[in-house]
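Chains as they are written, first to last, in our numbering: chain H, 18 to 393; chain Z, 18 to 393; chain V, 18 to 393; chain R, 18 to 393. All residues carry an ideal CB built from backbone N, CA and C; glycine is no exception. A quick note: this is a predicted structure, and the numbers were derived from the prediction, not measured. Notes for the one structure printed next.
Number of protein chains: 4
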Amino acid sequence: MGMVGGGPGAFIGNVHRMAAALDGQIELVCGAFSSDPHKSKEAGESLFLDPKRVYANFEEMILTEKSLPESARMDFVSIVTPNHVHFAPTKLALESGFDVICDKPLSFSTEEAEELVKIVSQSGRLFCLTHNYTGYPMVRQAKAMVKAGELGKIRKVVVEYPQGWLSSFLESSGQKQAGWRTDPTKSGKAGCIGDIGTHAENLAEFITGLEIKELAADLSTFVEGRKLDDDGSVLLRFKGGAKGILFASQISIGDENNIRIRVYGEKGGLEWYQLEPNTLIVKSGDGPNQLYRAGTNHAYLSSESHNAARLPAGHPEGFLEAFANLYKEFAQVLRLRNEGKPFQISFPTVEDGLRGMKFIDAVVLSSEKNSAWVSL
Amino acid sequence: MGMVGGGPGAFIGNVHRMAAALDGQIELVCGAFSSDPHKSKEAGESLFLDPKRVYANFEEMILTEKSLPESARMDFVSIVTPNHVHFAPTKLALESGFDVICDKPLSFSTEEAEELVKIVSQSGRLFCLTHNYTGYPMVRQAKAMVKAGELGKIRKVVVEYPQGWLSSFLESSGQKQAGWRTDPTKSGKAGCIGDIGTHAENLAEFITGLEIKELAADLSTFVEGRKLDDDGSVLLRFKGGAKGILFASQISIGDENNIRIRVYGEKGGLEWYQLEPNTLIVKSGDGPNQLYRAGTNHAYLSSESHNAARLPAGHPEGFLEAFANLYKEFAQVLRLRNEGKPFQISFPTVEDGLRGMKFIDAVVLSSEKNSAWVSL
Amino acid sequence: MGMVGGGPGAFIGNVHRMAAALDGQIELVCGAFSSDPHKSKEAGESLFLDPKRVYANFEEMILTEKSLPESARMDFVSIVTPNHVHFAPTKLALESGFDVICDKPLSFSTEEAEELVKIVSQSGRLFCLTHNYTGYPMVRQAKAMVKAGELGKIRKVVVEYPQGWLSSFLESSGQKQAGWRTDPTKSGKAGCIGDIGTHAENLAEFITGLEIKELAADLSTFVEGRKLDDDGSVLLRFKGGAKGILFASQISIGDENNIRIRVYGEKGGLEWYQLEPNTLIVKSGDGPNQLYRAGTNHAYLSSESHNAARLPAGHPEGFLEAFANLYKEFAQVLRLRNEGKPFQISFPTVEDGLRGMKFIDAVVLSSEKNSAWVSL
Amino acid sequence: MGMVGGGPGAFIGNVHRMAAALDGQIELVCGAFSSDPHKSKEAGESLFLDPKRVYANFEEMILTEKSLPESARMDFVSIVTPNHVHFAPTKLALESGFDVICDKPLSFSTEEAEELVKIVSQSGRLFCLTHNYTGYPMVRQAKAMVKAGELGKIRKVVVEYPQGWLSSFLESSGQKQAGWRTDPTKSGKAGCIGDIGTHAENLAEFITGLEIKELAADLSTFVEGRKLDDDGSVLLRFKGGAKGILFASQISIGDENNIRIRVYGEKGGLEWYQLEPNTLIVKSGDGPNQLYRAGTNHAYLSSESHNAARLPAGHPEGFLEAFANLYKEFAQVLRLRNEGKPFQISFPTVEDGLRGMKFIDAVVLSSEKNSAWVSL
């Protein structure tokens, strides 16, 4: 694997590296870790890379690696840059014949996203978008249970993602993460709703298998001087009649990454909360609520859930393990594809990424139209 | 105290009686417990009442008691009937010189509510509306902390009240509670949003001291054959700039009375959950979240919270104790008023009741207008 | 009901009064609330009692009431004094023909307890010991499940009762509760282990139906100057082969009344925690753990649990409601007995009280013998 | 790193590999994964190892690697075999000049353990024992707080490790993990108390810095046919006067790896629970309990805790991350040592391992002597 981005001061780059390393299936062999060649070098050294394969920029990396013999070149590219630098390296990598795994949201704009869908299709390459919350074993369990009809027809979805870290004007302090995420030239047209609202949207659709038909949104910017939204509340209507509420916030002071989802059907309900990710609360109308627990051992869990766990229940797996599941599955699919074998994709794709961008568009438009319903 | 309603099969009548009895300050002395005189008698007997003071209907009760010498008559009237039978006994009681404590929502319609506001004012009598969740010690604590500025300016409120008991077409089974609550001739123009949505609205305004300026709502009726809404999602905008989300649902299968509120300000946040009512989570941006615990003993709690507790922390107080607080405070205020002493009202009033009715109107109107913003 | 003790500054007297009042079945008609006649009068006034029935001491109360016509006298006596004043009023009340409800532990010494067992038996009166934790609906549920064999043969019991309120030398401050509870002339030979350890012992035997055969204990007094133990750890062996651990502590700083019990059998397990008393965690080896929830409505609960609840699930009932269950059941049994009808006793009795005293003896003896095993 | 053990069907071997891989600091370069050379080969292949460095047994591995040029040989040995195969490879590795990281408990017997202490000392090599629970950020935080005196003098420790997986006679089914852990020829003289009781013992001493002075134990074997204890309860007395309770169980049906510790001092208390490892409950006598949350970001956490976290709060880290911390720290210390720089050891050592073996001896002896106090 070769990496684009993730140099000093980056947050998500290191997450991707640990996620890729965990299962011993993927080796980081090269990278263009920063737009500053000196910083890229530094990063490469600290990662024990061959200095020759630490590149000054992504173009150099992709083109040089492409020129290597097949057995010597990187197998795929991991893109972990801010949103505005997703499109170009993804496009170049795909068109150079490399499979790509990329951080979310897919791109800076919906136009870019639509073009990427085409490029993926034309290239025949594989593309994984790291909506990492889909990698949790109990999220897989939830999806499997909905799919199997255990909840009956879905009626209501409540998905939320409150954070508190942007309660103050942190971007004025030089904090790098706050900086680009609140900067419309890097993040795109949305702040909070793009950064974490898309996770909530993706999680709701991933678990329920339902598509949002239309939405009505009210975005806010509470912190003075901030250039993008830092809070958003959205009413949802799904195809097929289910209703929903989605909210995301970065001014929910004292909250961490409190992404939580509740799904209610005619026959049963589910509740999952990322801060205690190994538990899935399963609800029924008649019996007591049940605590399903992630692990490789419980016979009552689905195979989808078992596959996403590494350890028996009682050995908590967390954020990195869930993230690593996407890498592991991506690597498995690549191997099967390379061996000409059939494969199934369980990770989020470029189409999910396009959907996220359309969600951002719809939320922003609805909010501009004083919360009018906007089709997705 | 004399009671109107609360005969065999009633739910809330018994709650009111236990709440009134708990602190040994109030004695039930008479009642018109049912529109069926026979059932009223039966109820009176089981309550050890003097048969002469068990009446066939509320008119008889109020007029007969009024005719008794002052020292012998009931001190006030408690009204625990379904919504459509709030107005008439309240009006008669007030106009007959009795103070009134009445279950929520205030009335069948906003017109009735507006008239009741006038009647209360003209009568000079005291009126308490049993929005019982306001009686919890930690709700009082939350209100006191917001008022004292400990959270800074409020930015965001999330209040929810999911229940699951009406996930099926229960009203067709003859279940009495389901019957009248889903019947527009008894409940009024709203189902879920009137029955429990008003609790959520009241709790949000009670704690924050903010008024909802406008709202955008999406009501649903998920259960086929049901005549009123059984689920509603509402975006809120408060005067002063805070935003909010309110949702109430009776089809959230597996949920009980999961009323929960989260309040986020510039400096801190609060979270309270009725199923664990003795804990208030207090959040700050810098330090760890704190678990404030209800009780008479903790020096860090406000006097408002201490006053609403009976026992030191570790002796859980619940729903009935919170309900009893309204009765206890009502009795205290009556006593002070009767003694000509100054008093402060800490329980919900007829104005809060009118506000609840206007909230129902606005939600229903907004939903009819496809979630357009409607002023409250 | 007439009350002995519970005057100004008392804690448990008020608890008993609220518990007795809650269900509208019991009326406080007289009392000897303090050994100081003036204070007793004061208490009686604040409780709206007929001044003639507020007595200067328990002898006066019991003898005067006995002399009243049957229809006019109190029905039973409630004794809420410190431990050293349990025996005399209980004996006099029983021998005067009154039924008795008494706070725990039963008496100052085992000798007194043994005599009380005899007196109860000879008097033919009913006696209830307020081990109030047995009144919780989910404790009743737990007992019913064990009895029905749902856990299989019991193997292990862990029962604990950590408190923190005596972490400092509070008795030196004049705090009344701390004063008598740490005073061997009032509390008896044990401090913590008598005050709360007996609750733990009783709860374990109540739920499991097992009897402690022998125990090995290690008592400590951590606070300098304290005259009795403030912490104790006990290994348990039950008749039939189950093992257990019991610990009680009053120096567990930051803990409230964190009484918790876990029971493990061959087929299943149970966990209950008083700070969240409406939930019973039910464990099995195969399926997910389940959250049983107290309430009148859940069909999966036992009748014993239903009978101990007043409200449907979601309306938290607490400490006072559990306490009130003992009063309610005591009153029901009295009524049935008076009507010559058959009755079943579900509340703790004088035999349970004697058992508690023997437990105290055994713990103290074992601790003196450096934790040697001592039979109970 | 070269690995001894961890072939097909092993549980802990894979844990060690993932833990070693996570941070990109350690590479698995060789192994003797099974006593069956064929299985060892298989394992090596699946791990992408050079077939020449997949050895038939640990002797071959250690001696062959030793014969390689320094730059080409493995840096250290990881030993992940059952208890009875800890001693021989550890001894050989140390005496061959390799540093060693080894799973717990240290050895099959105390004699072996004492010899290993000597060998480590004589060899001058580094040795890490993977008492993995010490790797959790909030365990480090707890230790740091105790050390800094924030709790005052420690009075009471309650540490427990209930599991339910051996509630039935699983070893008769051929399940490999159950097989060796209940076999006295592989596990040693203790079952449950050796396998998980030592974790509890180690955790208590690690956090508090206190040493167990003496203990009184009651071991049980509940499952018929089982050859070793499956449950144990232990009273503890620490040097300096603190008291404690330790219990471990493998028949606590429905429990996972519910290791939990509570520490109470004169000024404050702590509670940590492995199933929710990112929270540390911090208790005080006066203020509300606080929820300290693991992460790299919270300024209120100690540097020891920060160093053990990889991500800001809200990104749950789990069992593997804690395990990986020991590997990461071991690698750091090796690097510093190799560079001749000063270093500090934060991971458990061979002395801790010897202490664990003595704990096992004392528990078994005390239990044989009917719970007499035995010095450690």
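In the structure shown, the three-state DSSP call for Y178(R) is strand. In the three-state reduction of the DSSP assignment, M91(V) falls in the coil class, being assigned neither a helical nor a strand state. L45(Z) and F93(Z) have their C-alpha atoms some 10 Å from each other.
For S384(H) and W390(Z), the gap between their C-alpha atoms comes out near 12 Å.
Checking the DSSP bridge columns, you'll see R279(Z) partnered with V175(Z) and E288(Z). When the five nearest sequence neighbours on each side are left out, the beta carbons in the same chain lying within less than 6 Å of the beta carbon of S113(V) are those of I79 and K83, in order along the chain. Counting only runs of 3 or more residues that sit fully inside the segment 49–128 of chain H, the beta strand (DSSP E) segments are 93–96 and 116–119, in chain order.
Residue state for E231(Z) is assigned as strand, using DSSP reduced to three classes.
Using beta-carbon distances, H332(Z) does not count as an interface residue toward chain R, since no partner is under 9 Å.
Of the residues Y290(R), K193(R), A348(R) and A36(R), the one whose Cα lies closest to the Cα of G26(R) is K193(R). The Cβ of A316(Z) sits closer than 9 Å to at least one Cβ of chain R.
Under DSSP, T296(Z) forms a beta bridge with R310(Z).
Secondary structure of I262(Z) (DSSP, three-state): strand. For the 9 Å CB-CB criterion, R243(V) and E188(V) form a contact. Across the structure, F376(H) and Y178(H) are spaced so that their CA atoms are roughly 15 Å apart. The Cβ of M35(Z) sits closer than 9 Å to at least one Cβ of chain V.
The beta carbon of Q307(H) sits closer than 9 Å to some beta carbon of chain V. For R327(Z), the nearest CB of chain V lies under 9 Å from its own CB, placing it at the interface with that chain. When secondary structure is reduced to three states using DSSP, D212(V) falls in the helix class.
Per DSSP, F255(Z) lies in no alpha helix (DSSP H) segment; the continuous beta strand (DSSP E) that holds it begins and ends at D248 to F255. In chain order, H315, A316 and Y317 make up the part of chain V whose C-beta sits under 9 Å from the C-beta of D303(H). S392(V) has E231(V) as its beta-bridge partners, per DSSP. Listed in chain order, the beta strand (DSSP E) runs fully inside the segment 130–169 of chain R are 144–146, counting runs of at least 3 residues. Interface with chain Z (9 Å Cβ-Cβ cutoff): K69(H) is excluded. DSSP links M20(R) through a beta bridge to G48(R) and S95(R).
Residue contact with chain Z for V299(R): present (Cβ-Cβ distance below 9 Å to some residue of chain Z).
Per DSSP, reduced to three states, the secondary structure at S301(V) is strand.
Residue burial is scored here from C-beta neighbours: L168(R) has at least 16 other C-beta atoms within 10 angstroms and is therefore classed as buried. For S237(R), the beta-bridge partners assigned by DSSP are D248(R).
Put simply, of A330(V), V176(V), V71(V) and T147(V) the residue whose alpha carbon is nearest the alpha carbon of P154(V) is A330(V).
Sequence-distant Cβ neighbours of R279(V) in its own chain, meaning closer than 6 Å and more than five residues away, are V175 and E288. A check of alpha carbon separations from L143(Z) across Y150(Z), N149(Z) and L133(Z) identifies L133(Z) as the nearest.
With respect to the 9 Å criterion, G286(H) and V299(H) are classified as neighbours on the basis of their beta carbons.
In this structure, L109(H) lies away from V367(H), with their beta-carbon atoms at least 9 Å apart.
For the segment 360–388 of chain H, the residues whose beta carbon sits under 7 Å from a beta carbon of chain Z are, in order, N387 and S388. By the C-beta criterion, the segment 332–341 of chain V is judged to be in contact with the segment 35–52 of chain V, since at least 3 inter-stretch pairs fall below 8 Å.
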